[in-house]
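Peer 1: Counting from 449, one number per residue, gives the positions in the first sequence under our numbering. Heads up, the beta-carbon is just placed ideally off N, CA and C, and yes, glycines get one too. Mind looking over this structure? Questions follow.
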Amino acid sequence: MKIYRALKTRFGSGMWWPHETPFEVMVGAILTQQTVWKNVDLAIENLKKKGFMDPGPLAEAPIKEVEKCLRPSGFYKQKSARVQNLARYVTDNYNGDIGSFFDRGVDHVRNELLSLPGIGPETADSMLLFAGNRAKFVVDAYTFRVFTRLGVDFEGRYDVAQDFFEKRLPEDAELYKNFHANIVELAKNYCKVRPLCRKCPINEYCTYPGKRI
DNA sequence: ACCCAGGTGGCCC
DNA sequence: GGGCCACATGGG
């Protein structure tokens, strides 16, 4: 909670995941895997231009066309198959209605997402939090890096890390969104593989040996 | 010329 | 269950 407040003071609480629809968030969650957002944004714009940013049209789109759109976001063949599979799943089972897809027990929705190819724990939780507005804390590589340098041991496990945060924070989707966004901001600016610790806003909590460089 | 990026799935032991 | 590896483009 101290870290949350320190980061909020430094980075604020502006909206982070830009989108027009929940489905766009879900597609973006897959596209942003191991990829910078700038390239994801190009791919999303390409999909929108073709009218593919909806479950029905994306489900019906020729895969080659989808691949052309997704080229900038990397791993484009895999990602094309995966986003189209997601589109087909929600059209076939929920008539393309994302609202009704999320309108069930969180664990149930989460397991359903995890059963789809290309959706692992982080992507599922990103969808639940940012598209479904459910209070699921998202753990990514930045979260691991930042909190490992703060001296926390997650045993390298996603579920351990997630429990760590969900036990310590109020169950509040907006807070989770904000905290995750600010962890990413922190990591991109100060907590890279080679850290830039001089002006890091949470330096006083850090146990990383190189923090005095 | 490297190294990194808002992971996941497959294969091997 | 843990340790590699492929997947692919774009920027520092």
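May I have a chain-ordered list of the alpha helix (DSSP H) segments no shorter than 4 residues that lie completely inside the segment 467-547?
Peer 2: Fully enclosed alpha helix (DSSP H) runs of 4 or longer: 470-479, 485-497, 503-508, 511-518 and 524-542.
Peer 1: Pick from Ile478, Gly568 and Asp573: whose alpha carbon is nearest that of Arg530?
Peer 2: Mapped onto the first sequence, residue 530 falls at position 82. Residue Ile478 is the option with its Cα nearest to Arg530.
Peer 1: On the DSSP letters alone, give me the boundaries of the alpha helix (DSSP H) that Ala454 sits inside.
Peer 2: Residue 454 sits at position 6 when you count from the first residue of the first sequence. Taken as a continuous stretch (DSSP letters only), the alpha helix (DSSP H) holding Ala454 covers Lys450 to Phe459.
Peer 1: Ends of the alpha helix (DSSP H) at Asn559?
Peer 2: Here residue 559 corresponds to residue number 111 of the first sequence, with the count starting at 1. Its alpha helix (DSSP H) spans residues Val554 to Leu562.
Peer 1: Using the beta-carbon count (16 or more within 10 Å), is His556 buried or exposed?
Peer 2: If you number the first sequence from 1, residue 556 lands on position 108. Exposed, by the Cβ-count rule.
Peer 1: Verify whether the separation of the beta carbon atoms of Asn581 and Ala609 is less than 8 Å.
Peer 2: Residue mapping note: residue 581 aligns to position 133 of the first sequence, counting from 1. Residue mapping note: residue 609 aligns to position 161 of the first sequence, counting from 1. With respect to Ala609, Asn581 sits apart: the two C-beta atoms are not nearer than 8 Å.
Peer 1: Relative to the alpha-carbon of Thr591, which residue among Phe612, Thr480 and Ala491 has its alpha-carbon at the smallest distance?
Peer 2: Translated into the one-based positions of the first sequence, residue 591 becomes position 143. Proximity to Thr591 across Phe612, Thr480 and Ala491 peaks at Phe612, based on C-alpha coordinates.
Peer 1: Within a Cβ cutoff of 8 Å, which residues of the same chain sit near Leu455, ignoring the five residues on either side of it in sequence?
Peer 2: Residue mapping note: residue 455 aligns to position 7 of the first sequence, counting from 1. Within the same chain, Leu455 has close Cβ partners Phe627, Asn630, Ile631, Glu633, Leu634, Pro649 and Ile650.
Peer 1: So what does DSSP say about Arg660, is it helix, strand or coil?
Peer 2: Position 212 of the first sequence, counted from the first residue, corresponds to residue 660. Note that Arg660 scores a pLDDT of 42, beneath 50, so its modelled location is shaky and nothing firm can be said.
Peer 1: Give the range of the alpha helix (DSSP H) segment to which Ala589 is assigned.
Peer 2: Locating residue 589 in the first sequence gives position 141, where the first residue counts as 1. Ala589 to Arg597 is the span of the alpha helix (DSSP H), which, as asked, contains Ala589.
Peer 1: What's the gap between the Cα of Ser574 and the Cα of Lys527?
Peer 2: Residue 574 sits at position 126 when you count from the first residue of the first sequence. Residue 527 sits at position 79 when you count from the first residue of the first sequence. Whole-angstrom Cα-Cα distance: 16 Å.
Peer 1: Can you tell me whether Ile511 is buried or exposed, with buried defined as 16 or more other CB within 10 angstroms of its CB?
Peer 2: In the first sequence, the residue the question calls residue 511 occupies position 63. Ile511 should be labelled exposed.
Peer 1: Straight-line CA distance for Leu561 to Glu472?
Peer 2: The residue labelled residue 561 in the question sits at position 113 within the first sequence. The residue labelled residue 472 in the question sits at position 24 within the first sequence. Their Cα atoms are separated by approximately 15 Å.
Peer 1: Rounded C-beta distance between Phe500 and Val514? I'm assuming under 8 Å.
Peer 2: Position 52 of the first sequence, counting from 1, holds the residue named residue 500. Position 66 of the first sequence, counting from 1, holds the residue named residue 514. Indeed, because the Cβ distance is near 7 Å, the residues count as touching under 8 Å.
Peer 1: I'd like to check one pair, Ala583 with Tyr624: are the Cβ atoms closer than 8 Å?
Peer 2: For this step, residue 624 is matched to residue 176 along the first sequence. For this step, residue 583 is matched to residue 135 along the first sequence. Cβ atoms of Tyr624 and Ala583: closer than 8 Å.
Peer 1: DSSP state of Pro569, grouped into three classes?
Peer 2: Residue numbering aside, residue 569 sits at position 121 when the first sequence is read from its first letter. Reduced to three states, the DSSP call for Pro569 is helix.
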